[in-house]
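Written below as structure tokens is the structure these notes are about.
Number of protein chains: 2
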Amino acid sequence: MSSTEMKVETLRWFNNRLEMVDQRILPAAFEYLSYYTAASVAEGIRSMVVRGAPAIGVAAAYGVALEALKLSNALEGRHSGLDPESSAFNKLDSRFRGNDDAVVFNAGMEEGFKVLVASRPTAVNLFWALQRMRKVWEGVATQSPQEIAQRLLAEAHEILAEDIRINKAMGAHGAALLKDGARVLTHCNAGALATAGWGTALGVFRSAVEAGKKISVIADETRPFLQGARLTAWEMVQENIPVTLITDNMAGYMMAQGEIDAVVVGTDRVAANGDVANKIGTYMVAVLAKRHNIPFYVACPLSTIDLNIATGKDIPIEERSVEEVKGFRDYHWAAEGVKIRNPSFDVTPAELVTGLITERGVVLQPDAQNIRKLMRGVQG
Amino acid sequence: MSSTEMKVETLRWFNNRLEMVDQRILPAAFEYLSYYTAASVAEGIRSMVVRGAPAIGVAAAYGVALEALKLSNALEGRHSGLDPESSAFNKLDSRFRGNDDAVVFNAGMEEGFKVLVASRPTAVNLFWALQRMRKVWEGVATQSPQEIAQRLLAEAHEILAEDIRINKAMGAHGAALLKDGARVLTHCNAGALATAGWGTALGVFRSAVEAGKKISVIADETRPFLQGARLTAWEMVQENIPVTLITDNMAGYMMAQGEIDAVVVGTDRVAANGDVANKIGTYMVAVLAKRHNIPFYVACPLSTIDLNIATGKDIPIEERSVEEVKGFRDYHWAAEGVKIRNPSFDVTPAELVTGLITERGVVLQPDAQNIRKLMRGVQG
């Protein structure tokens, strides 16, 4: 394993709480924020303290575990009599106090799931992780709240560890697609910061470098949240992988100049037919790559494929606050009085995708048929 | 004439000096800066106090006139004896002091041309205006410096007035291309602020509205200098023309959603074969427009067509300071240590251009043949 692997710990379990790097303030500062409840994790997802489809999934899993721990601790206090006035105890809704533990716990857990489900709409990993946690919960539903909470926490740990293993596997498959010396464009940040570590698209770059290939990265700055300028550039600089920053509108020029050999991006949801939802602007890069005969790859863990969605048209596209487009953070430059749109994702039709890089290998020219084949035997 | 016409006076002659709106600080502040010499005008062009191909041409013309006025005033002081220590007199290079007036004047003028020519490389209107001023100068070269200066100032005034007339003519031709209710995307700012007034692309919108059409504008924010967010949005808000701001990477999404009916942009230089250099990102918009069968129009005064350049490949593309891409103004967000590129323009091949909107009418499917025909009889 590379020594670089653990340079960025996007999410970590520490002192019985979830800690997440605050990605809103990177790279100016590197700080962890602490989370104790499903509601606070949901707010962390909504406000983009954590972002990137796989990382959102891991965060949501911990959100469920945290809620279970909170509820079981509160119920324990209720019976022990040691600390009847504890804040955890008092946080239990008074309407639950007359009910038995299972009713209180189950109602609290459903509230937790509800707030997490509503945090962001586009990345399917959120719903995938919540579904997986729910199944684990159902499997141990007859056990005590404390036991359920421990089982859910173990599952969240497993989802985190699994995410890194999957990224490594995708990295190996993807690295084989890149020639030595390749100049690879990426959009947004599909890196360690978008996952539990290693990254999807940037994981491919890390794996290529680990395999001894000299590659260089061209990073779209990715307005309005600037994940490319702030996060991808920062990750690549940390790894000593050569990286060049451009504004989003320069990608076409770079391709026309012959300065891009391949494109690798991440994804937030892939429909059953291979259509790819990803950060706004990905579609434009894909159209340009097609025009210039540049391969366009999507690094895509199986958890990002949504067989319940037939085509990209049905993927919900989040529209975020117009404040994000007025400027950056509190620095606004847009003219007063202008209307603003802020769709946060777009859909790239499968026909523009050269290949999906998954932990099971690369699916070239993805379509409904080869995606169905790929997903055979995968737990829904 | 519309009452809106003079709302924005980008450049104006006032108290024997050139005043230009400082476009670096718009829309937060609307301020004029004053210019007295060719060198200061060149610096104003270089630093983008003034930008936009036609406006740069007008500014350069005034730069030549200002230099002639400065030199002739200094020479007058030399002979009058009234003010031998005047700053204008002292600014004359000491090596000229022994020479006769014509030598001093001519050498000073050549210096002025030199610094103006070197200010920015891509917009051909700069060179076109300087060439025109030089011809006027040559035509009156035997007259006194004071007479030459007055003739050059009159020519600069004429170039300014002509620019507005040309924009109005382009506007009328272009407006006829837009349907009532059209939602029109534009990139960068080809507005009153990019010209002496009215604008090229935005002039088409103004003319369409004046003709009673209801149109709405979608403005790409246009990183890194944010001409769309700051200048185009501001101009349209001033005019009460509905305008929606998006980041550059949203144009593809908007087209895919069926929310764009046409594209109109300006240009900095059109090659003899119809290839169009314009603000970085224009090429990406053109490629997407083609994919979505959306007409892509370029508002292009004849002064922007460069018959000396065969194809877009030969148009010099300015690479500006990487500081511009690190953030905006002094607010930097890019990760430390990242390399940066900053090409300021790109080339859209003629095949992607539905039509060139000129003051002589619209040239559909521009190519070498119909551009040669269009330019017949135009002074080179």
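Sequence lines, in order, name chains A and B. Oh and the first sequence: position 110 is 110 in the numbering used here, straight run, nothing missing. Count along the second sequence starting at 1, add 1000, and that's the number in the numbering used here. We put the beta carbon where it would ideally sit given N, CA and C, even for glycine.
Distance CB(residue i)-CB(residue j) smaller than 8 Å
| i | j | result |
| --- | --- | --- |
| residue 170 of chain A | residue 61 of chain A | no |
| residue 1277 of chain B | residue 1312 of chain B | yes |
| residue 1289 of chain B | residue 1263 of chain B | yes |
| residue 1010 of chain B | residue 1318 of chain B | no |
| residue 1366 of chain B | residue 1054 of chain B | no |
| residue 1280 of chain B | residue 1344 of chain B | yes |
| residue 1023 of chain B | residue 1231 of chain B | yes |
| residue 1200 of chain B | residue 1266 of chain B | yes |
| residue 1274 of chain B | residue 1209 of chain B | no |
| residue 1261 of chain B | residue 1339 of chain B | no |
| residue 1335 of chain B | residue 229 of chain A | yes |
| residue 1256 of chain B | residue 101 of chain A | no |
| residue 105 of chain A | residue 75 of chain A | yes |
| residue 355 of chain A | residue 297 of chain A | yes |
Boundaries (first-last residue) of the alpha helix (DSSP H) holding residue i
| i | result |
| --- | --- |
| residue 1020 of chain B | That residue, residue 1020 of chain B, is in no alpha helix (DSSP H); its beta strand (DSSP E) goes 1017 to 1021. |
| residue 1124 of chain B | 1124 to 1139 |
| residue 1011 of chain B | First-last for residue 1011 of chain B: 1011 to 1014, but that is the beta strand (DSSP E), not the alpha helix (DSSP H). |
| residue 71 of chain A | 53 to 80 |
| residue 389 of chain A | Since the first and last residues shown for chain A are 1 and 380, residue 389 of chain A lies out of range. |
| residue 283 of chain A | 282 to 291 |
Supposed contact pair residue j and residue i - C-beta distance, whole angstroms, cut 8 Å
| i | j | result |
| --- | --- | --- |
| residue 146 of chain A | residue 72 of chain A | 5 Å |
| residue 1324 of chain B | residue 1342 of chain B | 6 Å |
| residue 35 of chain A | residue 1253 of chain B | Between residue 1253 of chain B and residue 35 of chain A the Cβ distance is about 32 Å, and since that is not below 8 Å, they are no contact. |
| residue 33 of chain A | residue 58 of chain A | So it is not a contact: roughly 15 Å between Cβ atoms. |
| residue 1348 of chain B | residue 1286 of chain B | 4 Å |
| residue 306 of chain A | residue 269 of chain A | 5 Å |
| residue 1124 of chain B | residue 1304 of chain B | 6 Å |
| residue 1167 of chain B | residue 1227 of chain B | About 17 Å separates the two Cβ atoms, so there is no contact after all. |
Contacting residues, own chain, Cβ-Cβ under 8 Å from residue i (five flanking each side not counted)
| i | result |
| --- | --- |
| residue 1155 of chain B | 1061, 1065, 1132, 1133 and 1136 |
| residue 116 of chain A | 38, 41, 42, 45, 60, 63, 64, 126 and 130 |
| residue 1006 of chain B | In this prediction, residue 1006 of chain B has a pLDDT of 48, which is less than 50 and means its spatial position is unreliable; what the coordinates show is noted afterwards. Taken in chain order, the residues that qualify are 1197. |
| residue 8 of chain A | 21, 191, 192, 193, 197, 235 and 238 |
| residue 1140 of chain B | 1147, 1148 and 1151 |
| residue 1316 of chain B | 1121 and 1122 |
| residue 1001 of chain B | For residue 1001 of chain B, the predicted model reports a pLDDT of 36, less than 50, meaning its position is unreliable and no value from the coordinates is stated. |
Cβ neighbours of residue i in the same chain (closer than 6 Å, five flanking residues each side left out)
| i | result |
| --- | --- |
| residue 1332 of chain B | 1326 |
| residue 370 of chain A | 363 |
| residue 1378 of chain B | 1302 |
| residue 181 of chain A | 214 |
| residue 84 of chain A | The predicted position of residue 84 of chain A is uncertain, since its pLDDT is 48 and thus under 50; a value taken from the coordinates is nonetheless stated next. Closer than 6 Å at Cβ, skipping near neighbours: no residue. |
| residue 207 of chain A | 171, 172 and 175 |
Any non-hydrogen atom of the ligand NAD within 7 Å of residue i CB
| i | result |
| --- | --- |
| residue 1343 of chain B | Judged by which ligands are present, the structure shown has none, so any question about the ligand NAD falls away. |
Residue i, enclosing beta strand (DSSP E) - first and last residue
| i | result |
| --- | --- |
| residue 1219 of chain B | 1216 to 1220 |
| residue 176 of chain A | From DSSP, residue 176 of chain A is part of no beta strand (DSSP E); its letter is neither H nor E. |
| residue 1298 of chain B | 1296 to 1299 |
| residue 1278 of chain B | 1276 to 1279 |
| residue 269 of chain A | 269 to 271 |
| residue 348 of chain A | 345 to 348 |
| residue 262 of chain A | 262 to 265 |
| residue 1237 of chain B | Careful: residue 1237 of chain B lies outside any beta strand (DSSP E), inside the alpha helix (DSSP H) at 1233 to 1239. |
| residue 1116 of chain B | Run containing residue 1116 of chain B: none in the beta strand (DSSP E); it sits in the alpha helix (DSSP H), 1101 to 1117. |
| residue 243 of chain A | 243 to 246 |
| residue 356 of chain A | 355 to 358 |
| residue 362 of chain A | 361 to 364 |
Residues near residue i in its chain [Cβ-Cβ closer than 7 Å; skip 5 each side]
| i | result |
| --- | --- |
| residue 205 of chain A | 184, 215, 217 and 241 |
| residue 157 of chain A | 13 |
| residue 163 of chain A | 54, 58, 195 and 196 |
| residue 310 of chain A | 271, 272 and 273 |
| residue 128 of chain A | 57 and 303 |
Partners in chain E for residue i, counting only beta-carbon separations shorter than 7 Å
| i | result |
| --- | --- |
| residue 1021 of chain B | The structure shown contains no chain E; its protein chains are A and B. |
Item checked: Cβ contact (3+ pairs, closer than 8 Å) linking the region 1185 to 1202 of chain B and the region 1233 to 1251 of chain B -> yes
Check: Is it true that the region 173 to 180 of chain A meets the region 354 to 361 of chain A, where meeting means three or more beta-carbon pairs spaced less than 8 Å apart?
Finding: yes
Next item on the list: Spell out a yes or no on whether the region 50 to 69 of chain A and the region 102 to 118 of chain A are touching, meaning 3 or more CB-CB pairs, one atom from each, closer than 8 Å.
Entry: yes
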